[in-house]
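If you read the protein sequences in the order shown, they are chains A and B. Taking the numbering used here as reference, the numbering of the first sequence is continuous, increasing by one, and the terminal residue is 886. Taking the numbering used here as reference, the numbering of the second sequence is continuous, increasing by one, and the terminal residue is 886.
There are 2 protein chains.
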Amino acid sequence: MNLKVKFLKLSAGRPVAIMHKNTAEKSGIHVDDRISIRKKSRKIIAVVDIAVGMFEKDKIAVSTEISKELGLKENDIVEVEPASRPESISIISKKLKCKRLDEKEIKDIIQDIVENALTESEIAYFVSAIYKCGMTAREVRGLTEAIVETGKKLSLNRKIIVDKHSVGGIPGRTTPIVVSICAAAGLIMPKTSSRAITTPAGTADALETICKVDFTISEIKKIIKKTGACIVWGGSLGLAPADDKIIQVERLINLDPDEQLLASIMAKKLAMGSKLLLIEIPYGKYAKVNKKEAKKLEIKFKSLAKSFNIKVKCFIVKTSEPLGNGIGPALEIKDVISVLKRETKNSLLESRSLELSAEILEMAGKCKKRQGIFMARKILESGTAFKKFKQIINAQQGKIKNIPEAKYSHDIISTKSFKIKIIDIKKINSLARILGCPTDKMAGIYLHKHLHDKVKKREKLLTLFAESKEILNSGINFYHKNIPIK
Amino acid sequence: MNLKVKFLKLSAGRPVAIMHKNTAEKSGIHVDDRISIRKKSRKIIAVVDIAVGMFEKDKIAVSTEISKELGLKENDIVEVEPASRPESISIISKKLKCKRLDEKEIKDIIQDIVENALTESEIAYFVSAIYKCGMTAREVRGLTEAIVETGKKLSLNRKIIVDKHSVGGIPGRTTPIVVSICAAAGLIMPKTSSRAITTPAGTADALETICKVDFTISEIKKIIKKTGACIVWGGSLGLAPADDKIIQVERLINLDPDEQLLASIMAKKLAMGSKLLLIEIPYGKYAKVNKKEAKKLEIKFKSLAKSFNIKVKCFIVKTSEPLGNGIGPALEIKDVISVLKRETKNSLLESRSLELSAEILEMAGKCKKRQGIFMARKILESGTAFKKFKQIINAQQGKIKNIPEAKYSHDIISTKSFKIKIIDIKKINSLARILGCPTDKMAGIYLHKHLHDKVKKREKLLTLFAESKEILNSGINFYHKNIPIK
Numbered sequence: 401m402n403l404k405v406k407f408l409k410l411s412a413g414r415p416v417a418i419m420h421k422n423t424a425e426k427s428g429i430h431v432d433d434r435i436s437i438r439k440k441s442r443k444i445i446a447v448v449d450i451a452v453g454m455f456e457k458d459k460i461a462v463s464t465e466i467s468k469e470l471g472l473k474e475n476d477i478v479e480v481e482p483a484s485r486p487e488s489i490s491i492i493s494k495k496l497k498c499k500r501l502d503e504k505e506i507k508d509i510i511q512d513i514v515e516n517a518l519t520e521s522e523i524a525y526f527v528s529a530i531y532k533c534g535m536t537a538r539e540v541r542g543l544t545e546a547i548v549e550t551g552k553k554l555s556l557n558r559k560i561i562v563d564k565h566s567v568g569g570i571p572g573r574t575t576p577i578v579v580s581i582c583a584a585a586g587l588i589m590p591k592t593s594s595r596a597i598t599t600p601a602g603t604a605d606a607l608e609t610i611c612k613v614d615f616t617i618s619e620i621k622k623i624i625k626k627t628g629a630c631i632v633w634g635g636s637l638g639l640a641p642a643d644d645k646i647i648q649v650e651r652l653i654n655l656d657p658d659e660q661l662l663a664s665i666m667a668k669k670l671a672m673g674s675k676l677l678l679i680e681i682p683y684g685k686y687a688k689v690n691k692k693e694a695k696k697l698e699i700k701f702k703s704l705a706k707s708f709n710i711k712v713k714c715f716i717v718k719t720s721e722p723l724g725n726g727i728g729p730a731l732e733i734k735d736v737i738s739v740l741k742r743e744t745k746n747s748l749l750e751s752r753s754l755e756l757s758a759e760i761l762e763m764a765g766k767c768k769k770r771q772g773i774f775m776a777r778k779i780l781e782s783g784t785a786f787k788k789f790k791q792i793i794n795a796q797q798g799k800i801k802n803i804p805e806a807k808y809s810h811d812i813i814s815t816k817s818f819k820i821k822i823i824d825i826k827k828i829n830s831l832a833r834i835l836g837c838p839t840d841k842m843a844g845i846y847l848h849k850h851l852h853d854k855v856k857k858r859e860k861l862l863t864l865f866a867e868s869k870e871i872l873n874s875g876i877n878f879y880h881k882n883i884p885i886k
Numbered sequence: 401m402n403l404k405v406k407f408l409k410l411s412a413g414r415p416v417a418i419m420h421k422n423t424a425e426k427s428g429i430h431v432d433d434r435i436s437i438r439k440k441s442r443k444i445i446a447v448v449d450i451a452v453g454m455f456e457k458d459k460i461a462v463s464t465e466i467s468k469e470l471g472l473k474e475n476d477i478v479e480v481e482p483a484s485r486p487e488s489i490s491i492i493s494k495k496l497k498c499k500r501l502d503e504k505e506i507k508d509i510i511q512d513i514v515e516n517a518l519t520e521s522e523i524a525y526f527v528s529a530i531y532k533c534g535m536t537a538r539e540v541r542g543l544t545e546a547i548v549e550t551g552k553k554l555s556l557n558r559k560i561i562v563d564k565h566s567v568g569g570i571p572g573r574t575t576p577i578v579v580s581i582c583a584a585a586g587l588i589m590p591k592t593s594s595r596a597i598t599t600p601a602g603t604a605d606a607l608e609t610i611c612k613v614d615f616t617i618s619e620i621k622k623i624i625k626k627t628g629a630c631i632v633w634g635g636s637l638g639l640a641p642a643d644d645k646i647i648q649v650e651r652l653i654n655l656d657p658d659e660q661l662l663a664s665i666m667a668k669k670l671a672m673g674s675k676l677l678l679i680e681i682p683y684g685k686y687a688k689v690n691k692k693e694a695k696k697l698e699i700k701f702k703s704l705a706k707s708f709n710i711k712v713k714c715f716i717v718k719t720s721e722p723l724g725n726g727i728g729p730a731l732e733i734k735d736v737i738s739v740l741k742r743e744t745k746n747s748l749l750e751s752r753s754l755e756l757s758a759e760i761l762e763m764a765g766k767c768k769k770r771q772g773i774f775m776a777r778k779i780l781e782s783g784t785a786f787k788k789f790k791q792i793i794n795a796q797q798g799k800i801k802n803i804p805e806a807k808y809s810h811d812i813i814s815t816k817s818f819k820i821k822i823i824d825i826k827k828i829n830s831l832a833r834i835l836g837c838p839t840d841k842m843a844g845i846y847l848h849k850h851l852h853d854k855v856k857k858r859e860k861l862l863t864l865f866a867e868s869k870e871i872l873n874s875g876i877n878f879y880h881k882n883i884p885i886k
């Protein structure tokens, strides 16, 4: 049936269409049913709400999620049909019984996720099935391919495109330093980063305090042409729309099955055209994985990358504390600038960034084996890396500036002399989030001391930053209740 | 914050509240967040949509699901707060890792489901966890208790209350016949039934063609006082609201873990105060379970019932064809009346109903062992059962009448002579649903022949009924493509 589009300026977080009761009844459509809405060749599946008297019978109100996706204007005519139960539901049932899926079946599921034909609950069943039954290497490959096929791609037509990924969980931004060093060495490095999910800051959140991170694919092409690299937010690029939805459902319950993680990372790298990929896997008591799990991940990453002709190296490294002094978007980017400007020397953030850069330089053949570290250090110490960083930030419409502090701060003073034996990263992350990260960009924590440091009585241990007194006080309370540093 | 209720006459299938953009932003509430809405002591958790310009900033539009639950009137003032992430999410995560849950943890999940604090996706994870990891006897007991505690109860203050349940999947309504016989024998039998989920008709759908099935608890009490029994729809009674929601999420993907099934059935029987329970478990190629699974279910049912002091007997019976001639709400109730009126004799529907009644009469001590079948037959043949049935139907505001046929019908004629070896119940069910069951009450199938019958060339095999020519034709097409009788 044809209906006229009505705008209500209503966002529902997912495509929702409101139909008039009489119109819906006539077509046998009930509340919560799924309908397909078509405008020329573009189609979306929406969930139906039913209204009486909000608008005329020949109209259909669509949420902003629908009008954006279909490019609708008010009073446009759309074709509306009841959507049949997607076939992929029975494929998900099959996987829940731990049966193997073939490429076609996986592709059907992913296609339906992208078209919104599957509800979040149905995606939750899919995630549970992967979590419950695992996936064969072949299935993971199929999943990766399906995610890439249903997303956008960056085509740079360059032979060597390098990339890095960190399995994450540890505060401290090596990425901007590594990208600056590698790009200064002449490598092409189109880096997409995430925003914070469970941590106080993602690389995109940190960078955003000094430049834009939200670009289209064609804008990114221009930035890379100018500078050889970029550091942008991957989320708005549509590289892996299916993956974005799956992650949204996983996040509900903090589920993160290995196979989905592998496919998710690899799909985004494939979409960016990466050929050489360094994966940092920090392990330790407060990291996402332990050493054994890190080794397992390495094997899985390598096997998957091989099937796509990507050269992968995993950098497995014990990590027991935040890499820099700052925790929080602005505080972390300050650390980055301080290392690049050579104001801070010999920090953990510097040494880790150099090690990672060295691996990439060697993988890409920019220098001989074991020479990478010297090359990376030279680029950093000569200021070439900082120059490249400024160039990238400028290309991303930003500039290096003095970043102001948050409105309120509070020093935590040591009440005794001791040597720091534990920095509980999970508690530190929680504290930073309580202080307002990542939404409040300037909020967070500054560590005056690091692991194994001696602290004297009355010495500053850390400083808390927040944008309101109340928030600062909750942070102080949390600190004293949980004591993350011992 | 306090907001004024605005009605939009909008049904969303779940509690949805629409907030003004500015108001939401001020309180840090985003689209798809959960908020609690409170009116005096009543509270509900709702999902947030965001609107611009639909109404004033001090208003909140609520879906009918919210206004009903809180008993709201337009312009009522409600207290709105961001709802924190429910604790029960981490309990669900725990179960997904196959760890055991204690009574308190299970109760927290069920409580949050009832209060709508958990989304459907989160409930899907819970269902997956049960499906993946199973549940110990103790967990099933805890789940049952939690479901009963969060629902309404029927208190009859009678010592012997009998009940029956069928694990289902086979068309044919024994329930009205069994209830009539048992109540005629003086037993108290407050029977709640379901509407069709995957079959063409539930007992409630069938009964609804001749009387009301939708009553409140206090109305049911009156019906039972008058007649000793009732046959009503359980859905609107609120006996097990948590279970209703879980089943809704299971249905998305046709998942039905044993443990959930057990808890679901037992909780509803507990809520009705049943002391003696007969469970019919049909098995066979086209039934829900095979013989081995039926035996397993029996053991689980018995152990669970024992812990609640309920006497259970399982009637495990091979079933290879529909019990009556009719498939579809009206056609099945016609069969029931025909058996009760003694117009049809010696049918499978009659013999199964007598067997089930006999078991209940014996369990309740109405007769000696092995005498139940004679007692049941006497009650049926003397017309006492029919009298009781009419009494119940009258008490449920209905009457025995001639039920009209559907508008369109089509006979399937045999093209050869053969003996019926297979009646594929699953295909028969699909065919009946295609013909419009259970929505079109008169639609369905009439079987002129049964298993092992000889069919001559040009003899009527079955008749299809539908309310429109198009639907009838799709039914005919489906029949010829799938041939459910061989």
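Using N, Cα and C, we set each Cβ at its ideal position, and we do this for glycine too. Every value quoted in this text rests on a predicted model; they were computed, and no experiment measured them.
The alpha helix (DSSP H) enclosing residue i, as first and last residue numbers
i, result
"residue 476 of chain A", "Residue 476 of chain A -> no alpha helix (DSSP H), and no H or E assigned at all."
"residue 423 of chain A", "421 to 426"
"residue 809 of chain B", "Careful: residue 809 of chain B lies outside any alpha helix (DSSP H), inside the beta strand (DSSP E) at 808 to 813."
"residue 871 of chain A", "869 to 882"
"residue 626 of chain B", "617 to 627"
"residue 866 of chain B", "Careful: residue 866 of chain B lies outside any alpha helix (DSSP H), inside the beta strand (DSSP E) at 860 to 866."
"residue 502 of chain A", "Where residue 502 of chain A is concerned, there is no enclosing alpha helix (DSSP H), given that its DSSP letter is neither H nor E."
"residue 666 of chain A", "658 to 671"
Contact with chain A by residue i, beta-carbon distance below 9 Å
i, result
"residue 453 of chain B", "yes"
"residue 770 of chain B", "no"
"residue 479 of chain B", "no"
"residue 703 of chain B", "no"
"residue 447 of chain B", "yes"
"residue 829 of chain B", "no"
"residue 431 of chain B", "yes"
"residue 467 of chain B", "no"
Collapsed DSSP secondary structure at residue i in the structure displayed
i, result
"residue 641 of chain B", "helix"
"residue 512 of chain A", "helix"
"residue 823 of chain A", "strand"
"residue 685 of chain A", "coil"
"residue 442 of chain A", "strand"
"residue 485 of chain B", "coil"
"residue 497 of chain A", "coil"
"residue 851 of chain B", "coil"
"residue 833 of chain B", "helix"
"residue 647 of chain B", "helix"
"residue 411 of chain A", "strand"
"residue 517 of chain A", "coil"
"residue 844 of chain B", "strand"
"residue 456 of chain A", "coil"
"residue 701 of chain B", "helix"
Chain B contact for residue i (CB, 9 Å cutoff)
i, result
"residue 525 of chain A", "yes"
"residue 637 of chain A", "no"
"residue 519 of chain A", "yes"
The beta strand (DSSP E) enclosing residue i, as first and last residue numbers
i, result
"residue 404 of chain A", "402 to 407"
Beta-carbon separation (whole angstroms), residue i vs residue j, contact threshold 8 Å
i, j, result
"residue 513 of chain B", "residue 646 of chain B", "7 Å"
inquiry  = To test your reading of the DSSP string, which unbroken beta strand (DSSP E) runs of 3 or more residues are found completely within the segment 711 to 797 of chain B?
reply    = 711 to 718
request  = Only counting runs of 4 or more residues, tell me where the alpha helix (DSSP H) segments fall wholly within the segment 526 to 602 of chain A, in order along the chain.
outcome  = 537 to 549, 575 to 584
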